[in-house]
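Residue numbers (our numbering): 3 to 232.
Think of the CB as a built atom: it goes at the ideal place given N, C-alpha and C, for glycine as much as any other residue.
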């Protein structure tokens, strides 16, 4: 039994868990071998991954204990996670109106080395970190600033229109003749500026329900429905 175990090919032994530096070196070695016009094409799958293993061993001795099949499966897992992250970032940028084009200089995928059956999936935390690093922080900041500016503008308009409505609906009872005329002139200006066309029912409903919001976060769809009288 011991002789049978010792004669087992090195590229079929089971490897241990992967470290981050091993993942990085595996990708570098894969790129190195793939770009080699002699080693990257016209060879068997086993020879392809033996070349990757030999290249990686020159930088990290731990690859000496890594089976070739383990390298192949681990690279398949990395490739799957990178593709998933890239698709997520691309969709986000396209939704923001940014033109996204593919990298024409990127090396084509090697069918000999990619598999959809990973030995151990990349953790969710690492995948999320990759996604955050890939996203453009300036796009995120720009979108957040635009969202806050839009909300502030809606809030300001809502407050101003609420004040205007209170003036329009204000009673002139108890005012002197000059104050009544000033109030009437102000009402006419506001009605013209808002192009108001409010029926008695709408006015009564506004008086009963409309309030000035105390902050942008308290704006409601119903408030805008009444205040948007353009």
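Confirm, please, whether the CB-CB distance from residue j to residue i is below 7 Å.
i: residue 58; j: residue 31; result: yes
i: residue 188; j: residue 165; result: no
i: residue 185; j: residue 173; result: no
Just to confirm my understanding: we take residue i, look at its own chain, exclude 5 residues before and 5 after, and list those with CB closer than 7 Å. What are they?
i: residue 70; result: 13, 48, 51, 52 and 55
i: residue 73; result: 28, 51, 54 and 55
i: residue 34; result: 57
I believe residue i touches residue j by the beta-carbon criterion, under 8 Å. Please report the beta-carbon distance rounded to the nearest angstrom.
i: residue 24; j: residue 64; result: 6 Å
So, for residue i: in the same chain, excluding its five sequence neighbours on each side, which residues have a beta-carbon less than 8 Å away from its beta-carbon?
i: residue 192; result: 166, 169, 170 and 198
i: residue 177; result: 185
i: residue 21; result: 64
Short of 6 Å in beta carbon distance, which residues of its chain neighbour residue i, apart from the five on each side in sequence? Order them along the chain.
i: residue 181; result: none
i: residue 61; result: 27
i: residue 179; result: none
i: residue 101; result: Legend: pLDDT at residue 101 = 48, less than 50; position of this residue unreliable, no value from coordinates given.
i: residue 151; result: none
Taking CB distances under 7 Å as the criterion, tell me whether residue i reaches chain C.
i: residue 82; result: Here chain C cannot be found, since the structure has a single protein chain.
Contained alpha helix (DSSP H) runs [length at least 4] in the stretch 45–76, N- to C-terminal order:
With a minimum length of 4 residues, the continuous alpha helix (DSSP H) runs that stay inside the stretch 45–76 are 47–59.
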